[in-house]
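Student:
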Amino acid sequence: MKIAVLSGKGGTGKTFVASNIAAIAGKSVYLDCDIEEPNGHLFLKGPVIKETDVNLPMPKIDHDLCDGCRKCVDFCAFNALAMISEKITVFEKICHSCGGCKIICPQKAITEVDRKIGKIEERIYKEVELRSGVMTPGEQSGTKIIDMLIDSVKDEQNTVIIDCPPGSACTVMDSIEDADYCILVAEPTTFGAHNLKMVHKLVQIFDKPHGIILNKSDGSHNPSKQYCLDNSIPILLEIPWRRDISDFIADGKLAVEMDPELNKMFKSLLDHVKEEVQP
Amino acid sequence: MKIGLPANSTDVNSPISDNFGRALYYMIYDVESEETRFEKNTAAMSQGGAGIKAAQLVVDSEAKIVITPQLGENAFNVLNSAKIEIYKSEKGSLMDNVRLYKDGQLQLLANIHKGRH
Ligand code: SF4
Ligand code: SF4
Numbered sequence: 559m560k561i562a563v564l565s566g567k568g569g570t571g572k573t574f575v576a577s578n579i580a581a582i583a584g585k586s587v588y589l590d591c592d593i594e595e596p597n598g599h600l601f602l603k604g605p606v607i608k609e610t611d612v613n614l615p616m617p618k619i620d621h622d623l624c625d626g627c628r629k630c631v632d633f634c635a636f637n638a639l640a641m642i643s644e645k646i647t648v649f650e651k652i653c654h655s656c657g658g659c660k661i662i663c664p665q666k667a668i669t670e671v672d673r674k675i676g677k678i679e680e681r682i683y684k685e686v687e688l689r690s691g692v693m694t695p696g697e698q699s700g701t702k703i704i705d706m707l708i709d710s711v712k713d714e715q716n717t718v719i720i721d722c723p724p725g726s727a728c729t730v731m732d733s734i735e736d737a738d739y740c741i742l743v744a745e746p747t748t749f750g751a752h753n754l755k756m757v758h759k760l761v762q763i764f765d766k767p768h769g770i771i772l773n774k775s776d777g778s779h780n781p782s783k784q785y786c787l788d789n790s791i792p793i794l795l796e797i798p799w800r801r802d803i804s805d806f807i808a809d810g811k812l813a814v815e816m817d818p819e820l821n822k823m824f825k826s827l828l829d830h831v832k833e834e835v836q837p
Numbered sequence: 298m299k300i301g302l303p304a305n306s307t308d309v310n311s312p313i314s315d316n317f318g319r320a321l322y323y324m325i326y327d328v329e330s331e332e333t334r335f336e337k338n339t340a341a342m343s344q345g346g347a348g349i350k351a352a353q354l355v356v357d358s359e360a361k362i363v364i365t366p367q368l369g370e371n372a373f374n375v376l377n378s379a380k381i382e383i384y385k386s387e388k389g390s391l392m393d394n395v396r397l398y399k400d401g402q403l404q405l406l407a408n409i410h411k412g413r414h
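Sequences listed follow chains U and V, in order.
Per this note's numbering, the very first residue in the first sequence carries number 559; after that it's consecutive.
Per this note's numbering, the very first residue in the second sequence carries number 298; after that it's consecutive.
1) Mark Q367 of chain V as exposed unless 16 or more other C-beta atoms lie within 10 angstroms of its C-beta, in which case mark it buried.
2) Check each residue of the stretch 631-645 of chain U: if its Cβ is closer than 9 Å to any Cβ of chain V, include it; give the result in chain order.
3) At what residues does the beta strand (DSSP E) containing M641 of chain U begin and finish?
4) Tell me which same chain residues have a C-beta within less than 7 Å of the C-beta of H880 of chain U, skipping the five on either side of it?
5) At a cut-off of 7 Å, would you count P664 of chain U as near ligand 2, judging by its Cβ distance to the nearest heavy atom?
6) Tell me which residue opens and which closes the alpha helix (DSSP H) that D672 of chain U is part of.
7) Should L600 of chain U be listed as close to ligand 2, given that the test is whether its C-beta is under 7 Å from any heavy atom?
8) Let me check understanding here. Comparing Cα to Cα, which of U:V612, U:D738, U:I582 lies closest to R673 of chain U?
9) Determine the contact status of G301 of chain V and Y323 of chain V, defining contact as a CB-CB distance below 8 Å.
10) For L354 of chain V, which residues from the same chain have a beta carbon less than 8 Å from its beta carbon, with the 5 sequence-adjacent residues on both sides left out?
11) What residue range is occupied by the uninterrupted alpha helix (DSSP H) comprising T729 of chain U?
12) Does any CB atom of chain U fall closer than 8 Å to the CB of S378 of chain V?
13) Cβ of K299 of chain V less than 8 Å from any chain U Cβ?
14) At a Cβ threshold of 8 Å, is G369 of chain V touching chain U?
15) Cα separation between I741 of chain U and W799 of chain U?
16) To the nearest angstrom, report how far apart E796 of chain U and G750 of chain U are at their CA atoms.
17) Is D632 of chain U helix, strand or coil when you go by DSSP?
18) Out of U:P767, U:T701, U:G810, U:G777, state which residue places its alpha-carbon closest to the alpha-carbon of L614 of chain U.
19) Can the beta-carbon of F649 of chain U be found less than 8 Å from the beta-carbon of A635 of chain U?
20) Using only the alpha-carbon positions, how far apart do K380 of chain V and D738 of chain U sit?
21) For D590 of chain U, which of U:I582, U:H599, U:G604 has the nearest alpha-carbon?
22) Going along the chain, which residues of its own chain have a beta-carbon closer than 6 Å to the beta-carbon of H654 of chain U, five neighbours each way excluded?
23) When the Cα atoms are used, what is the spatial distance from K825 of chain U to P792 of chain U?
24) Using only CA atoms, which one of U:V563, U:A562, U:N578, U:D721 lies nearest to P818 of chain U?
25) Would the C-beta of L614 of chain U count as close to ligand 2, meaning under 7 Å from any of its heavy atoms?
26) Apart from the five residues just before and just after V718 of chain U, which ones in its own chain have a Cβ nearer than 6 Å to its Cβ?
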């Protein structure tokens, strides 16, 4: 079973929820797809036991072979090539590694070289295998990193928890594509409800079974809750705003290990999701 | 020597475009002959890397000077490697900016706006 945890923006408690579910799930795999700021390892602690580079092939121009015909410049749909002072320049961060320019070049002046855009770090915390995608700062697209993470659990028998990137960009879509269930985490503010709406639309497009966790509920008016009620979205859990919970988070502690009440809450949440996925 | 400016119409008295990569045209002004021509920006609607293609167009027009209100990082890199000098435009028409340049009233564009993604 694969459970994706999403939120419309960072800081809603997405990782808090995802890491606690993983901890309660026993034997499980935690995929940290929040590649710009992976922080699952702040809760699921352990030394890095394996590190794998993620590379993209980049065109390399042999300037001696190139006759300046510009066919590659005209071909590139992403405008990643420019002819400056009689020389082809590759804009690596724009290049999508489609390999087309290499095929089209009549002089065979283009070869490919690997360029590192990030890495995957593996850790073990108790029964949880943690795989974190880390994109090198400054890179524009980490799709390949997410694809590698998702690929690694293709035949996984244990529960998989996917900590998705915030927002609703294409990396989020890649992250939830194989998920059996989506958990949306929302804050009790107007802005939170707006973000919730965006990710809710996304899971609807993908037609995924889903439910909401209302985080930091303080009992007052909650626009996110209202949105759930108005659209009959199941509310899986309402986590109260509590000083001690923020302290657990700040200290990198797992709430399910610190607090019996939260432990019970997360356990019944996981049971509920299991039932929905495998009736 | 030629000067390139981003334009949204082919009228020399129209305001300079506020976006380099997405401008509809580039006005190419020849300082010696005082002739003006407009190049259509075929990259204006393209998805990624519009700035690169737009800058390529200006490089190909053999401009040695570019006057623009702003510039994305990629376009800057192209113009820069082509050794084109980049000046920050002032409010006003395309021609106003050419005059200001000739009078030495324009500043080199120092703060480069990063392209948004
Ligand atoms: S297609 Fe090949 S030969 Fe032509 S400009 Fe590009 S690299 Fe050079
Ligand atoms: S590999 Fe594809 S995207 Fe990259 S420069 Fe070549 S044609 Fe453009």
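The beta carbon of each residue, even a glycine, is placed where N, CA and C say it ideally should be.
For clarity, every value in this text was computed on a predicted model and none was experimentally measured.
Tutor: Here's the rundown:
1) buried
2) V631, C634, A635, F636, N637, A638, L639, A640, M641, I642, S643, K645
3) 639-642
4) The question about residue 880 of chain U has no answer, for chain U in this structure spans 559 to 837.
5) no
6) Segment 668-683 is the beta strand (DSSP E) holding D672 of chain U; no alpha helix (DSSP H) there.
7) no
8) U:V612
9) yes
10) Y323, E336, N338, T339, A340
11) 728-734
12) yes
13) no
14) no
15) 19 Å
16) 14 Å
17) helix
18) U:T701
19) no
20) 54 Å
21) U:H599
22) F636
23) 17 Å
24) U:N578
25) no
26) K560, V587, V711
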